[in-house]
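This report concerns only the one structure given below.
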Amino acid sequence: MAFGVLKLIAAFAALALVLRRILRNLWLRQKYDLHRIPGPPGYPLLGNLPQVLTWDKPQIHLKVLEWVKAYGKVIKINLPPAGYTVYITDPACIQANITGHGIHGMSKPSRYGLFQK
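Numbered by this note's numbering, the letters in the sequence shown go through residues 228 to 344 in order.
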């Protein structure tokens with residue numbers, strides 16, 4: 228009887244993890260408009276993890292560059308359990324967002340002026 232209870236608990240835990248993953252993906256999609264960023268197609272629960280696991284470790288950057296050539300200068304990759312990773316390879320886009328001049332630009336910290344001559 229105890230074995231049946233353990234199987235039931237394990238099944239419930241697995242179902243809870245799958246449900247959490249689905250809800251998290253839906254929440255991230257709504258919050259950050261990640262569906263607008265192009266990227267390689269992935270599997271529903273595994274994302275791009277199967278593709279990433281087949282790479283040779285020193286060659287990962289080459290595969291990302293292939294995806295950048297195929298999908299554009301800003302791409303997203305879904306790597307569970309961490310979630311989405313966005314790669315930005317356009318220097319102008321990076322400059323606009325880091326210096327605070329972009330749509331979602333970050334402002335400079337209050338201590339930034341201390342480092343100016």
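Backbone N, C-alpha and C define an ideal beta-carbon position, used for all residues, glycine too.
Residue range of the beta strand (DSSP E) that includes lysine 303: 301-306
For isoleucine 315, the first and last residue of its enclosing beta strand (DSSP E): 310-315
Glycine 329 - DSSP class collapsed to helix/strand/coil: Confidence at glycine 329 is low in this model, with a pLDDT of 49, below 50, so the placement of that residue is unreliable and no value is reported for it.
Span of the alpha helix (DSSP H) around lysine 284: It is not in any alpha helix (DSSP H) - lysine 284 carries neither H nor E in the DSSP assignment.
As assigned by DSSP and simplified to three states, the class of glycine 274: strand
Residues of its chain near tryptophan 282, where Cβ-Cβ distance is below 7 Å and the 5 sequence neighbours each way are ignored: Lys290
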